[in-house]
């Protein structure tokens, strides 16, 4: 009898579900970043959708979700690459918080989010 930490894929708590959620939320973040950048070029006042605190909360949520999904991935499949890519992406996202608002901030955030989404997809594919 083989002992495994892997949960069935259909279980909500499985890494498969968590990683899919991570990819979905990363996609929402990219849409938000692009809409924000385009809207700021058109609108004089942006409102709450563009609040800097939203970015901070998003980074916290991404960090928590990444910690759960990617740590579980290491325990199940033993690969460090998804976690390394995700950690780097979170670092890029955190660095973007310190940039002045504009295209550089958007580009850095989208790059970081893309790396986080890639890490979730790598993790999801590696889990048996």
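Numbering (this note's numbering), first residue to last: 44 to 171.
Ideal Cβ placement from N, Cα and C applies to all residues, glycine included.
Predicted model, so just to flag it, every value in this text is computed and none were measured.
Beta-carbon contacts of residue i that lie in its chain and below 6 angstroms, excluding the five residues immediately before and after
i	result
residue 75	none
Boundaries of the alpha helix (DSSP H) in which residue i is found, first to last residue
i	result
residue 143	From DSSP, residue 143 is part of no alpha helix (DSSP H); its letter is neither H nor E.
residue 123	That residue, residue 123, is in no alpha helix (DSSP H); it is neither H nor E in DSSP.
C-beta neighbour in chain D for residue i, strict 8 angstroms
i	result
residue 144	Among the chains in the structure shown there is no chain D, since it carries only a single protein chain.
Contacting residues, own chain, Cβ-Cβ under 7 angstroms from residue i (five flanking each side not counted)
i	result
residue 87	Because the pLDDT at residue 87 is just 44, under 50, the model does not fix this residue reliably, and the value given afterwards should be weighed accordingly. Excluding positions up to five away in sequence, the list is empty.
residue 98	140
residue 106	133
residue 169	116, 120, 122, 125
residue 63	167
Pick from the options that is closest to residue i, judged by C-alpha positions
i	options	result
residue 61	111, 130, 102	111
residue 101	70, 128, 117	70
Is the segment 151-169 in contact with the segment 126-135, if contact means three or more CB pairs nearer than 8 angstroms? yes
Inspect the CB distances between the segment 122-131 and the segment 141-148 and report whether three or more fall short of 8 angstroms. no
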